[in-house]
Each structure stands twice: as C-alpha cells, then as structure tokens.
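S.K.: Please see the structure below; I have some questions.
Chains as they are written, first to last, in my numbering: chain L, 2 to 179; chain S, 59 to 493.
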C-alpha cells in the first residue's frame, strides 16, 4: 500500500467512525426518550419513508416493496408529521405509548457509500425491540438506507428509507421511530 | 351452547365470553363468516387481463383475477390435488397459476389446464373439468368486488338490502358524486392485533362515543387542513346532525351525518390551493348531481360481518380477519378519487398514512384499547359480568324527516350504541342458525 492509499484509508475509517457514532447517538436518544434532541438530528427537509413489503415473483423484484410517492407505506412523511408524533408521545394521553414502551434500537453493518457533495449515503441493518406493559414484545428487523447531509450544524438525516422484513406487520402498532 | 345465554337484547348487555371463547369463535367461522358476502377487493386492482391479487373471502384465502376475456374470478387458493396454494405472490400479472408441489396448473378462470403425466399415468382419464380451482360467487358493486362460497345466500344486492345499496353506492361515489369514483392506492396495509375481531367491527359499526381515545391526536390536527381536528369535515361550518343508521334485518350499520342545508364549500385551511380548488369544484358538482341528498355525509360503517369502512374524506375499506378468538389480522385498502390531480392523491395518501393503520396516529390508540379490552374479556371472574351497550337505548326512530335515508333502517341521533346493538342482535340470530 502506498502512503497516499493509507491516508485515503484513514479518512474512510474516520468517516465510518463518525457515521457509526451518529447512528449510536440517534439510537440512544430514542431509547432515552429524548425525542426533541432526536428531531434536531433530522434535516428540515427529511423524507422519512418505510415501504410495505410484498411477496413478489423472482423476476419482478420491483414489486417487492411499495413504490415511493405513489403507493401505500407504513410511513411516508416529513419533519412536521414526525414532530407531531413526538408531541403525541409526550402528551401523556396517547394510549398506545402511555405508559411508554421500553425500546432498544440496534444499528449494525454500517456501510458508508460515496456521497455527492455534502451528502453521505449509509446502508445499515437494524433491530428494534419494544417491550410494553407487562407482556407485550414487538420485534422489528430490517435494512435502512440513509442520506446524511453535512451542514454548519453537523450531520442531519436528509432521507431515511426503512425496509422492514415483515410483510404483514405482526404487531398492532408502530409507535417507535427507526 | 345457547346464544341467548350470551346476549340480552332487551337489557343491552353482552357476555364478555363472545370475545374470548374459542368454541364461539369456531361457530362464528361457520355461521357468520362462511355464510356472508365478503369484500375481496376493487376492480381498479385488476386494470388489465391477467392481473391478479390474493385476498380473503371471510377467512378463506382466495385469488382474485381478471381473465383473458376480461371476466373477474374469485378462486379458492388451494390446489385440488394436495392443497398447496396455487398462487403464492401477493399480486401481479400472469397467464395462470402452477402449484409448486406436483405442478398442476390452472388458468385465470380456475380451469385445470395442465396435469403432469396426464396421458402416461392418468391414462388421459382424469376429468380435468371437475378438478379446477373452487370458484366463489362474485358480485361487482360500483367497482367493489364481493364474493361468497355459500350457494344458498341471496344475491349480493339482496344481502345488502335496498337501504345499504344506497349507502354503499354513496360511499363509492367520488367527491363529485360520480359513481365508482375511486381507485385503490397500490399496496394493501396488513397487520395483526391481539384482540377479537368484533372489537374492531363494533367500533367501526357505530362508536361515536370514543372521542376520549383520540384526545391526543385531536389536539394535533392531522387532517388535511393541519389546523382543525383529525377530521376534514371539522372545517365545515354548516350544522349537521350525527346519527347511527342500522339495518336491523341484515346487521349492516352506517355512521353518518346530515347537514341542515346545502351550503358553499368551506376550505381546508392550510391545505394546498390546488387541493381546495379540486374539492370546491367537486362539492359543487356533487350538489348539482345529487340535489338534496348531497346533505348526506357518510363517516363509515360495517357491512355485516367484517367489511368495515371509513369515509368522509378518508375513504378506506378494510377487513377484520379472525385468526382465533383473541387474534385478528386487519387488511386495509386505501382509496383516492380516480380523476383527481396528482397533488390531491398525494395529499390524501399522506393523510391516510398518518391517520390509519398501525402507523396511524389515530388508529394506534384504537388498537391499544382493543388489545386491553381483550384482556378484560378473558378474565374468568369478569366473565360473570357482561359488557354494557345501553348508551341512548330506546331513542331509535325511522328515517324521518328525510325519507331518502332508507325504508327499513332504524336511526338514533347523536352519540349512541344503536348500531352496536343492531350488529350484535343480528350476530346472535346468525349464531343461533337464523338468517
């Protein structure tokens, strides 16, 4: 390896560490219910989209997830609606989260891809476990593709696409964030 | 088991056991679900020949298809040879279906068209015409597709009855009052709730009483205006009379309002101008088309037993699909006006997603409450104590003064458990073996 390659490798490692730290911080804020601080990590123009998985034929992979901006999905929204969801959870009378669920968000297999300009694309896997009341357990596992934008206030999530592996949702509610 | 042990129509009480007993659930499958016309989908899902999607008819898995000649079919999704699903893809376009076990293949109309070793080992004697996929009776009503495997049921129109034909047709009219005015947004929303299916059914049938459930979302205004309520009709200034409308002979129920007068369009403040322009034009066309009947606002309801819908600016149709006494799968079709501009479709889709289903800020609280109610229905001690359905009892009347509200329906104004009582009275008749 040449010196030039090594310096490139170092930058790659630093960027990798920065993105992983960012995702870990997000997960911690969510699990500590610091939702306002979590919202601060989202870009004002964020598109937060979680398509629905369908069982499709091998040669029709484009049918496997519902299409962006045209079809139904679990979530397809911007920051205003996300902020309303946070306010609802914080209100004390959103019964699906009152008393609140205990969540653990794990983000793993982070792969940082080359971005354009100030944008960085990162692929990852997630496990979100939510326990509520005495006996209820919800487990959500899937993949995420994020576009992060670097600005004067640091990294912000500009686009978050969440591919849940479940087709029929085996839980009654999606009251957590991904 | 005597059904009268579980329901007291006169007293307005209902045993908790009907929500928790597996014995009652098994009888429901036979006497309620198998003996009803069921919503299976919408013609907009089958635009082209060869289009198909999987659905449920009651609790039975079915394939809904459009064949080469354009005819619709609802076929039991089970191979006649060993019972495998003939189709395992949620939706698509195909020329037929081949079972993955021994390779029997079927046409879009369900006919058995291919049998491996037909000549060599069946000696060409297998009577293929007798071994097609089992077809359901199919009825298309203003774009909605209904099916049943019960040969003894009357036609779908008779099953609905004259009054519900009026309401279901109205529900399927676009915002401008045009018949069959909606199309399905791609992607059926499917999820599971650990509660009995009737908690969902009775809520959609006529629960105007549960505003408290939604107190948190009502504060946030998730409707189109973003300023008034979760309901778009909250922006309308004309006074209206809310009512529960029930067909006591058939178990169907409607939640509705009738406006005191025909008035000009009230905009959804904060919604894009194009959206308000569209709805204003529709509002005026609907009044011209329907006249006095344009005063009707359908909020939602239930076609007995498990087809439920919301209307009033958030047109969705869904199914409660019981998996057991204490677990239900919900399927929900989201509809947008067929001829609306893209911005209206987009605005509506985003509204539905923040309103309905497991990601919906409104319905999340319903699912939480039904799940908790299920625990209450399972308590051995509490089962000695029935549930109370006495809200606004004895106040029912016929369809006056607006006779177009129906000939056979009964109506109670304002908040009432009128529809729930009617739904369960019919449920009890069906469970006792009656029609």
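Just so you know, even glycine gets a beta-carbon here, dropped at the ideal spot from N, CA and C. Computed from a predicted structure; not experimentally measured.
Checking 7 Å against the spacing of the C-beta atoms, do residue 278(S) and residue 409(S) come in under that value?
M.R.: Taking 7 Å as the Cβ cut-off, residue 278(S) and residue 409(S) do not qualify as a contacting pair.
S.K.: Are any of the Cβ atoms in chain S nearer than 7 Å to that of residue 92(L)?
M.R.: Chain S contact via Cβ: present.
S.K.: Using 8 Å as the Cβ pair cut-off and three pairs as the minimum, do the stretch 201-219 of chain S and the stretch 180-191 of chain S touch?
M.R.: Output reads no: the stretch 180-191 of chain S does not touch the stretch 201-219 of chain S.
S.K.: Is the beta carbon of residue 392(S) closer than 7 Å to that of residue 374(S)?
M.R.: It is a contact, given that the beta carbons lie within the stated cut-off.
S.K.: Please confirm whether residue 47(L) and residue 73(L) have their CB atoms less than 7 Å apart.
M.R.: No. Outside cutoff.
S.K.: DSSP state of residue 10(L), grouped into three classes?
M.R.: Note: residue 10(L) maps to helix in three-state DSSP.
S.K.: Between residue 141(L) and chain S, is there a C-beta pair that is closer than 7 Å?
M.R.: For residue 141(L), the answer is no, since every Cβ of chain S falls outside 7 Å of its Cβ.
S.K.: The alpha helix (DSSP H) that contains residue 96(S), what's its start and end?
M.R.: From DSSP, residue 96(S) is part of no alpha helix (DSSP H) but of the beta strand (DSSP E) over 96-100.
S.K.: Looking at the secondary structure, which residues open and close the alpha helix (DSSP H) in which residue 85(L) lies?
M.R.: Residues 80-91.
S.K.: Which residues in the same chain as residue 140(S) place their Cβ atom closer than 6 Å to its Cβ, once the five residues preceding and following it in sequence are excluded?
M.R.: Once the five neighbours on either side are set aside, the close Cβ partners of residue 140(S) are 159.
S.K.: How many angstroms separate the CA atom of residue 153(S) from the CA atom of residue 128(S)?
M.R.: Taking the straight line joining both Cα atoms gives about 13 Å.
S.K.: By DSSP, does residue 26(L) sit in helix, in strand, or in coil?
M.R.: Looking at residue 26(L) - three-state DSSP - the assignment turns out to be helix.
S.K.: Would you mind listing the alpha helix (DSSP H) stretches within the stretch 315-376 of chain S that are 4+ residues and don't spill past its ends, in chain order?
M.R.: Listed in chain order, the complete alpha helix (DSSP H) runs (minimum 4 residues) inside the stretch 315-376 of chain S are 331-348.
S.K.: Using the Cα positions of residue 355(S) and residue 386(S), report the straight-line distance between them to the nearest angstrom.
M.R.: Near 29 Å, if we compare the C-alpha coordinates of residue 386(S) and residue 355(S).
S.K.: Just to confirm my understanding: we take residue 70(L), look at its own chain, exclude 5 residues before and 5 after, and list those with CB closer than 6 Å. What are they?
M.R.: Around residue 70(L): no qualifying Cβ.
S.K.: At what residue ranges does the stretch 157-214 of chain S contain a whole run of the alpha helix (DSSP H), taking only runs of 4 or more?
M.R.: Counting only runs of 4 or more, we get nothing.
S.K.: Output yes if chain S places a C-beta closer than 7 Å to the C-beta of residue 96(L); else output no.
M.R.: Yes - at least one Cβ of chain S is within 7 Å of the one on residue 96(L).
S.K.: Should residue 68(S) be flagged as near chain L, meaning a C-beta pair shorter than 7 Å?
M.R.: Chain L contact via Cβ: absent.
S.K.: Run the CB neighbour count on residue 140(L), radius 10 Å, all protein chains shown included, and call it buried at 16 or more, exposed below.
M.R.: Residue 140(L) is exposed by the Cβ-count criterion.
S.K.: Are the stretch 82-92 of chain S and the stretch 220-233 of chain S touching, with three or more C-beta to C-beta distances below 8 Å?
M.R.: Output reads no: the stretch 220-233 of chain S does not touch the stretch 82-92 of chain S.
S.K.: Starting from residue 144(L), follow its DSSP beta bridges and name the residues at the other end.
M.R.: Looking at the DSSP assignment, residue 144(L) forms a beta bridge with 126(L) and 164(L).
S.K.: Between which residues of its own chain and residue 122(S) is the CB-CB distance below 6 Å, once the five residues before and five after are set aside?
M.R.: Answer for residue 122(S): 98, 99, 111, 113 and 132, listed in chain order.
S.K.: For the beta strand (DSSP E) that contains residue 302(S), what are its first and last residues?
M.R.: Run containing residue 302(S): 298-304, per the beta strand (DSSP E) assignment.
S.K.: Assign residue 216(S) to one of three DSSP states: helix, strand, or coil.
M.R.: Looking at residue 216(S) - three-state DSSP - the assignment turns out to be helix.
S.K.: Is there contact between the stretch 139-155 of chain L and the stretch 119-131 of chain L, where contact requires at least three CB pairs shorter than 8 Å?
M.R.: As far as the Cβ criterion goes, the stretch 139-155 of chain L touches the stretch 119-131 of chain L, which means the pair count is three or higher.
S.K.: I'd like to know whether the C-beta of residue 60(L) is nearer than 7 Å to at least one C-beta of chain S.
M.R.: Residue 60(L) does not count as touching chain S.
S.K.: Is residue 142(S) close to chain L, meaning its C-beta is less than 7 Å from at least one C-beta of that chain?
M.R.: Taking Cβ atoms only, chain L never reaches closer than 7 Å to residue 142(S), which makes this a no.
S.K.: Indicate the three-state DSSP secondary structure (helix, strand or coil) for residue 2(L) in the structure shown.
M.R.: Residue placement at residue 2(L) is poorly supported in this model, since its pLDDT is 49, which falls under 50; the coordinates still yield a value, given next. Reduced to three states, the DSSP call for residue 2(L) is coil.
S.K.: For residue 443(S), count neighbouring Cβ atoms within 10 angstroms of its own Cβ and tell me buried if that reaches 16, exposed if not.
M.R.: Exposed, by the Cβ-count rule.
S.K.: Can you tell me which of the three DSSP states residue 476(S) falls into?
M.R.: In the structure shown, residue 476(S) sits in a helix (DSSP, three-state: H, G or I).
S.K.: Less than 7 Å between the beta carbons of residue 388(S) and residue 311(S), yes or no?
M.R.: Not in contact: residue 388(S) and residue 311(S) (Cβ atoms no closer than 7 Å).
S.K.: Near residue 466(S), what residues of its chain come up, given a Cβ to Cβ distance below 8 Å and the 5 sequence neighbours on each side ignored?
M.R.: Contacts found: 219, 220, 221, 305, 306 and 307.
S.K.: Between the stretch 94-108 of chain S and chain L, which residues of the former have a C-beta closer than 9 Å to a C-beta of the latter?
M.R.: Cβ contacts with chain L come from no residue of the stretch 94-108 of chain S.
S.K.: For residue 64(L), does the three-state DSSP call read helix, strand or coil?
M.R.: Of the three classes helix, strand and coil, the one that applies to residue 64(L) here is helix, per DSSP.
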